[in-house]
Amino acid sequence: MDLLAGKWKIRIIGTLGFGPNYFMSLQRQVEGIGSKMLSKELQELEVNGLVKRMVYDTKPVTVKYELTPYGNTIAPIIDEMAKWGEIHRAKILQE
Numbered sequence: 001m002d003l004l005a006g007k008w009k010i011r012i013i014g015t016l017g018f019g020p021n022y023f024m025s026l027q028r029q030v031e032g033i034g035s036k037m038l039s040k041e042l043q044e045l046e047v048n049g050l051v052k053r054m055v056y057d058t059k060p061v062t063v064k065y066e067l068t069p070y071g072n073t074i075a076p077i078i079d080e081m082a083k084w085g086e087i088h089r090a091k092i093l094q095e
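Quick note on our numbering: the sequence shown kicks off at 1 and runs consecutively.
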């Protein structure tokens with residue numbers, strides 16, 4: 001569970017679940033995350049084999065991230081957690 005600990009990792013994986021994304025685009029989509037934190041979290045996800053980093057030889061350098069096949073194995077778990085969250089929220093709002 002430490003692999004997914006923290007505020008941002010699940011949100012980053014969830015965003016990348018929709019397809020590859022550039023660093024700046026990821027930062028915009030993962031609302032509230034700073035560039036240093038995004039960089040740190042992506043680096044940890046890469047070290048653990050969940051995210052692949054691709055660097056393009058452009059000016060300025062372009063960096064794209066995508067889930068690895070292994071990273072994609074966690075997508076159904078995150079989807080189920082999101083569904084549970086929606087059901088839980090609806091239940092709480094009814095009370």
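For each residue, glycine too, the CB sits at the ideal point set by N, CA and C.
On a predicted model such as this, the values are computed, not experimentally measured, just so you know.
Taking the alpha-carbon of residue i as reference, which of the options has the nearest alpha-carbon?
| i | options | result |
| --- | --- | --- |
| serine 39 | Lys9, Phe18 and Pro76 | Lys9 |
| glutamine 43 | Glu80, Leu67, Thr73 and Gln94 | Leu67 |
| proline 60 | Lys91, Met24 and Arg89 | Met24 |
Which two residues bound the contiguous alpha helix (DSSP H) that contains residue i?
| i | result |
| --- | --- |
| leucine 67 | Counting along the chain, leucine 67 falls outside any alpha helix (DSSP H), though it belongs to the beta strand (DSSP E) covering 62-67. |
| lysine 36 | 35-47 |
| lysine 83 | 75-94 |
Only counting the same chain, and skipping five residues up and downstream in sequence, which positions put a Cβ closer than 6 Å to that of residue i?
| i | result |
| --- | --- |
| glutamate 46 | Arg53 |
| lysine 64 | Pro20, Tyr22 and Met54 |
Below 7 Å CB to CB, which residues in the same chain sit around residue i once its five sequence neighbours on both sides are set aside?
| i | result |
| --- | --- |
| leucine 3 | Asn48 |
Starting from the C-beta of residue i, find all residues in its chain whose C-beta is less than 8 Å away, skip the five residues before and the five after it, and write them out in chain order.
| i | result |
| --- | --- |
| glycine 6 | Glu41 |
| threonine 15 | Asn21, Leu26, Gln29 and Val30 |
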